Structure formats: structure tokens, C-alpha cells
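Residue numbers (full-length UniProt numbering): 1 to 65. Below is one structure; the comments refer to it alone.
Dropping the structure here:
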């Protein structure tokens, strides 16, 4: 799951053309949180998971709950 989160967050940013700061702002988390997810994974809060899922769905990234 950790590796999947890292990969999916990077893929989301690539598809949207976003910097880490853009994603952080979009889902109301800190830049360091996005950096941590991409570097070592982690467990997003329930709200962040919901927002990530919404964004993943919008760009066609599957397999994240």
C-alpha cells in the first residue's frame, strides 16, 4: 500500500501538471505531507484519503481506497 500511494501521488501530479505545492493546496495538507507521501509513503488522514480518491478518480487512476 505504501508504494502504491507514492506511485499514485506522483502519477496524479504528472497527469495534472502539478508541483507538490499545487497538490498540497488542492487537498489542504502541508507541502511536507505531500513530500513525505512521495518519499516514504505514509497514511493520509481520512479527509486526505477522500480528497486523493476524488482526484485519482478524476484522472483515471484506479486501485486506491
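For every residue, glycine included, the Cβ atom is placed at its ideal position computed from N, Cα and C. Since the model is a prediction, treat every value here as computed from it, not as a measurement.
The C-alpha of residue 26 lies about 10 Å from the C-alpha of residue 18. For the alpha helix (DSSP H) assignment, the uninterrupted runs of no fewer than 4 residues enclosed by the UniProt domain "HTH cro/C1-type" (9–39) are, from N- to C-terminal side, 20–27. For a cut-off of 8 Å, the C-beta gap from residue 20 to residue 34 is around 5 Å, short enough to register as a contact. Per DSSP, the unbroken alpha helix (DSSP H) holding residue 53 starts and ends at 46–59. Going by beta carbons, residue 47 and residue 64 fall outside the 8 Å limit.
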